[in-house]
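Engineer: For the sequence shown, the UniProt record's numbering assigns the number 1 to the initial residue and increments by one for each residue that follows.
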Amino acid sequence: MKIETVMEALIKNRYSVHCFSSGEEAADYLDRSLNGKVIGFGDSATMSHMKLYERLSAHNTVYDPNQSKDNDEFLEIAQKCLTTEVFLTSVNAMSETGELVNIDGTGNRIAGSLFGHEKVYFIISTNKIEPTLEKAVWRARNIAAPKNAMRYKLRTPCAVKGDRCYDCSSPDRICNALTIHMKKMNDIEDVEIVLINEELGF
Numbered sequence: 001m002k003i004e005t006v007m008e009a010l011i012k013n014r015y016s017v018h019c020f021s022s023g024e025e026a027a028d029y030l031d032r033s034l035n036g037k038v039i040g041f042g043d044s045a046t047m048s049h050m051k052l053y054e055r056l057s058a059h060n061t062v063y064d065p066n067q068s069k070d071n072d073e074f075l076e077i078a079q080k081c082l083t084t085e086v087f088l089t090s091v092n093a094m095s096e097t098g099e100l101v102n103i104d105g106t107g108n109r110i111a112g113s114l115f116g117h118e119k120v121y122f123i124i125s126t127n128k129i130e131p132t133l134e135k136a137v138w139r140a141r142n143i144a145a146p147k148n149a150m151r152y153k154l155r156t157p158c159a160v161k162g163d164r165c166y167d168c169s170s171p172d173r174i175c176n177a178l179t180i181h182m183k184k185m186n187d188i189e190d191v192e193i194v195l196i197n198e199e200l201g202f
């Protein structure tokens, strides 16, 4: 995979793109770019690893559902995230042809990436990139989702066995919706892809 080819595909799909060699460099860039903004977060192990909440909340108003103490507070913060100026999230997978794939259980992360913000950032490390859309969907279901279910200690077959999607009917299931961004959404003025040439998150 050539990162330049991926960047060209994303630009063709109407995204703006910036590439960094490490998560630390990308965090520095976002810290410089966002100041005095109201920002919403979608759930992301990559963003947690980069300590973006700690950095950005020092000089922005940041709503992060992962800072909640219980489910009621999670939902309250998640709703606020849908009306912020800026929304930051990641993806479960991306194809080399520039399609973004996300799976969601509650829906706040997917919803926030689609509508209602001045700007959306997708923060994507290169371990999320697959050659084709089909393989990207496979990765989202069979690699990212089980690891996320394990991270939250959910009672799903994929979390217990840690190997693949079982298309389960568990009440803890987090694979309730799958979204494929084929191109930039029309009514968001700027959607920026922050590519990180480092393995981060799931």
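Here a beta-carbon is modelled for each residue, glycine too, at the ideal position from N, C-alpha and C. Predicted model only: the values in this text are computed from it and were never measured.
#1: Could you please give me the residues that DSSP links to V40 through a beta bridge?
#2: At what residues does the alpha helix (DSSP H) containing F74 begin and finish?
#3: For P171, tell me which candidate among T156, A26, I39, N142 has the shortest Cα-Cα distance.
#4: Sort E99, K51, A58 by Cα distance to A27 and report the nearest one.
#5: Can you tell me whether Y29 is buried or exposed? The criterion is at least 16 other CB atoms within 10 Å of its CB, across all chains shown.
#6: One question on the structure: do E24 and Y121 come within less than 8 Å of each other, judged by their Cβ atoms?
#7: Between the segment 136–147 and the segment 96–110, do at least 3 Cβ pairs fall closer than 8 Å?
#8: For the beta strand (DSSP E) holding E8, just list the boundary residues, first then last.
#9: Helix, strand or coil: how does DSSP classify E96 here?
#10: Skipping 5 residues on each side, what residues in its chain have a beta carbon closer than 6 Å to that of A159?
#11: Straight-line CA distance for G75 to D190?
#12: Tell me whether N92 is buried or exposed, calling it buried when 16 or more other Cβ atoms sit within 10 Å of its Cβ.
#13: In terms of alpha-carbon separation, which member of S125, H18, E85, K135 lies closest to I180?
#14: At a threshold of 7 Å, does Q67 count as lining the ligand ADP (C-beta to nearest heavy atom)?
#15: In angstroms, rounded to a whole number, what distance separates the CA positions of S169 and L195?
#16: For Y152, count neighbouring C-beta atoms within 10 Å of its own C-beta (all shown protein chains included) and say buried if the count is 16 or more, exposed if not.
#17: DSSP beta-bridge partners for T179?
#18: Measure from the alpha carbon of M182 to the alpha carbon of each residue in L10, L88, G201, A145, then state which is nearest.
#19: Closest to P131 by C-alpha separation, out of K80, S95, S22, would be which residue?
#20: Over what stretch of residues does the beta strand (DSSP E) that includes Y29 continue unbroken?
#21: Among residues of its own chain, excluding the 5 on either side of A144, which ones have a beta-carbon nearer than 6 Å to its beta-carbon?
Structural biologist: Well, looking at it:
#1: Locating residue 40 in the sequence shown gives position 40, where the first residue counts as 1. Before going on, a small fix: residue 40 reads as Gly here, not Val. According to DSSP, which records beta bridges pairwise, G40 is partnered with Y63, F87.
#2: What you label residue 74 is simply residue 74 of the sequence shown in a count that begins at 1. Taken as a continuous stretch (DSSP letters only), the alpha helix (DSSP H) holding F74 covers 71–81.
#3: The residue labelled residue 171 in the question sits at position 171 within the sequence shown. Checking every option, the nearest Cα to that of P171 belongs to T156.
#4: Locating residue 27 in the sequence shown gives position 27, where the first residue counts as 1. The shortest Cα separation from A27 among E99, K51, A58 belongs to K51.
#5: Taking the first residue of the sequence shown as 1, we reach residue 29 at position 29. Exposed: under 16 other Cβ atoms inside 10 Å.
#6: In the sequence shown, the residue the question calls residue 24 occupies position 24. In the sequence shown, the residue the question calls residue 121 occupies position 121. In this structure, Y121 does not lie closer than 8 Å to E24 by Cβ.
#7: yes
#8: Within the sequence shown, the letter at position 8 stands for residue 8. No beta strand (DSSP E) holds E8; the alpha helix (DSSP H) holding it covers 3–12.
#9: Within the sequence shown, numbered from 1, the residue matching residue 96 stands at position 96. E96: coil per DSSP, three-state reduction.
#10: Translated into positions along the sequence shown, residue 159 becomes position 159. Answer for A159: A149, M150, listed in chain order.
#11: Taking the sequence shown and counting its residues from 1, one reaches residue 75 at position 75. Taking the sequence shown and counting its residues from 1, one reaches residue 190 at position 190. Note that residue 75 is Leu in the sequence shown, not Gly. Distance between the alpha carbons of L75 and D190 is about 26 Å.
#12: In the sequence shown, counting from the first residue as 1, residue 92 sits at position 92. Buried, by the Cβ-count rule.
#13: Working through the sequence shown from its first residue, we reach residue 180 at position 180. When only C-alpha atoms are compared, the closest one is K135.
#14: With respect to small molecules bound, the structure shown includes none, and the ligand ADP cannot be examined in it.
#15: The sequence position of residue 169 within the sequence shown is 169, counting from 1. The sequence position of residue 195 within the sequence shown is 195, counting from 1. Taking the straight line joining both Cα atoms gives about 34 Å.
#16: Residue numbering aside, residue 152 sits at position 152 when the sequence shown is read from its first letter. Label assigned to Y152: exposed.
#17: Mapped onto the sequence shown, residue 179 falls at position 179. Bridge partners of T179: N102.
#18: Position 182 of the sequence shown, counting from 1, holds the residue named residue 182. Of L10, L88, G201, A145, the residue nearest in Cα terms is L10.
#19: Locating residue 131 in the sequence shown gives position 131, counting from the first residue. Cα-wise, what sits closest to P131 is S95.
#20: Walking along the sequence shown from the start, residue 29 turns up at place 29. Note, Y29: premise wrong, no beta strand (DSSP E); alpha helix (DSSP H) at 23–33.
#21: Counting from 1 along the sequence shown, the entry for residue 144 is found at position 144. Correct list, in chain order: N92, F202.
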